[in-house]
């Protein structure tokens with residue numbers, strides 16, 4: 454496997470760990486990326502979700518309205534790109550595709566939100582709205598059971614200030630019950646490859662709707678990864694990291710069950726100024742592995758990972774940092790740093806397994822495609838859709 458080494462990708466960058474953001478970007482690929490001429494794509498709706506590949510994301514802003522959008526193409530012709538978009542009525546966050554009924558895409562609300570939506574890929578339109586139950590709100594992420602019968606969502610229990618996993622019928626959306634998330638502030642969750650467990654990133658931070666995004670428990674916060682049995686809601690494992698102020702927020706899972714996860718350090722509560730690892734992997738057989746090097750990349754990421762994606766073939770995980778304008782890549786088995794890609798305000802990343810690529814996006818409507826084996830950008834596939842202000846996360850579309 455050909456892999457871009459740290460030295461090759463960081464050539465010409467001052468290795469002083471006190472390097473500031475502006476100097477880093479000046480000496481990186483960012484200038485070339487942002488100066489390139491964009492390619493514009495006409496806006497069309499999908500006529501048939503069958504045989505389509507691509508991705509989906511929340512997008513928009515207060516001024517123009519919050520919504521969703523995505524790009525798809527027939528499996529046999531990746532040049533026949535279709536764009537679709539619509540308004541959601543709320544700021545969306547993460548999403549999920551139904552595992553069997555591939556035309557069904559879900560967008561989950563956050564900040565906080567009591568609403569999520571279903572979108573039909575055949576029309577690009579909203580077809581259902583899902584409401585949170587009393588004294589609950591959504592935390593922006595959801596996942597399906599392997600048979601497609603159940604929808605699981607991360608939620609807040611506003612009475613008891615703890616995390617819950619809401620369980621709904623994936624067709625009627627009837628609320629069937631809930632499990633403990635085994636933490637506070639559950640954020641991203643995914644179904645494990647054994648189809649028997651959910652892995653949940655409990656960020657550990659308490660917030661309340663009446664106080665907005667104010668963090669209410671930084672002195673006592675406790676973050677963890679919880680592996681929960683989907684049949685009975687029992688906790689099978691819990692994983693924590695050494696830094697108590699590192700909030701585990703986002704994750705992805707390889708096909709062998711290795712979990713790659715990213716953190717957001719609450720620096721104001723740390724009591725020190727040491728560089729803290731933001732990226733890590735965990736497997737039940739091999740344990741926890743923190744990616745502590747290179748420090749200059751971790752410093753550039755500025756205590757913040759916004760999204761995570763894993764390619765199971767290359768064993769690489771990408772971790773975006775919109776605060777640092779960079780995507781860093783590490784090997785999930787060895788912990789070796791494999792390279793980076795600079796893009797202003799980059800946050801979205803998704804593994805496109807069928808084509809062996811990572812797709813990344815930013816809030817300026819830019820899209821980049823990177824070869825998942827060697828991290829080289831496929832320049833011919835650059836896109837710029839200036840009307841799309843891509844939000845934090847992307848969902849791969851397979852049909």
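Numbering (my numbering), first residue to last: 454 to 852. The beta-carbon is built from N, C-alpha and C at its ideal position, and this holds for glycine as well. Every value quoted in this text rests on a predicted model; they were computed, and no experiment measured them.
Any idea which residues DSSP pairs residue i with across the strands?
i           : result
residue 566 : 591
residue 823 : 811, 830
residue 643 : 652
residue 571 : 559, 581
residue 773 : 760, 780
residue 632 : 618
residue 538 : 522
residue 704 : 714
Under 8 Å between the Cβ atoms of residue i and residue j?
i           : j           : result
residue 633 : residue 617 : yes
residue 421 : residue 729 : Residue numbering for the chain in the displayed model covers 454 to 852; residue 421 lies beyond these limits and cannot be assessed.
residue 701 : residue 670 : no
residue 679 : residue 735 : no
residue 810 : residue 819 : no
residue 543 : residue 566 : yes
residue 799 : residue 509 : no
residue 836 : residue 512 : no
residue 549 : residue 537 : no
residue 802 : residue 765 : no
residue 546 : residue 593 : yes
residue 641 : residue 654 : yes
residue 715 : residue 703 : yes
residue 769 : residue 790 : no
residue 597 : residue 628 : no
residue 780 : residue 743 : no
residue 608 : residue 585 : yes
residue 756 : residue 717 : yes
residue 817 : residue 797 : yes
Going by DSSP, what residue range makes up the alpha helix (DSSP H) through residue i?
i           : result
residue 751 : 748–753
At what residues does the beta strand (DSSP E) containing residue i begin and finish?
i           : result
residue 800 : 799–805
residue 526 : 518–527
residue 603 : 603–610
residue 679 : 677–682
residue 689 : 688–692
residue 740 : 740–744
residue 709 : That residue, residue 709, is in no beta strand (DSSP E); it is neither H nor E in DSSP.
residue 792 : 790–795
residue 847 : 843–851
residue 732 : 732–736
residue 546 : 545–550
residue 416 : No information on residue 416 is available, as it lies outside the stretch 454 to 852 that the chain covers here.
residue 626 : It is not in any beta strand (DSSP E) - residue 626 carries neither H nor E in the DSSP assignment.
residue 507 : 505–514
Taking residue i as the reference, give the member of the options with the closest Cα.
i           : options            : result
residue 573 : 589, 585, 556      : 556
residue 518 : 851, 849, 844, 791 : 844
residue 749 : 769, 777, 741      : 777
residue 745 : 682, 732, 824, 753 : 732
residue 583 : 564, 598, 715, 606 : 606
residue 686 : 625, 654, 649      : 649
residue 625 : 581, 713, 561      : 581
residue 691 : 672, 831, 656, 628 : 656
residue 767 : 522, 727, 563, 806 : 806
residue 826 : 793, 515, 840      : 793
residue 564 : 668, 553, 852      : 668
residue 737 : 839, 850, 689      : 689
residue 711 : 516, 839, 740      : 740
Measure how close the beta-carbons of residue i and residue j come, nearest whole angstrom, since I'm counting them as under 8 Å.
i           : j           : result
residue 507 : residue 526 : 6 Å
residue 659 : residue 638 : 6 Å
residue 590 : residue 611 : 7 Å
residue 646 : residue 709 : 7 Å
residue 707 : residue 620 : Contact flag wrong, Cβ pair sits at about 26 Å.
residue 773 : residue 813 : 7 Å
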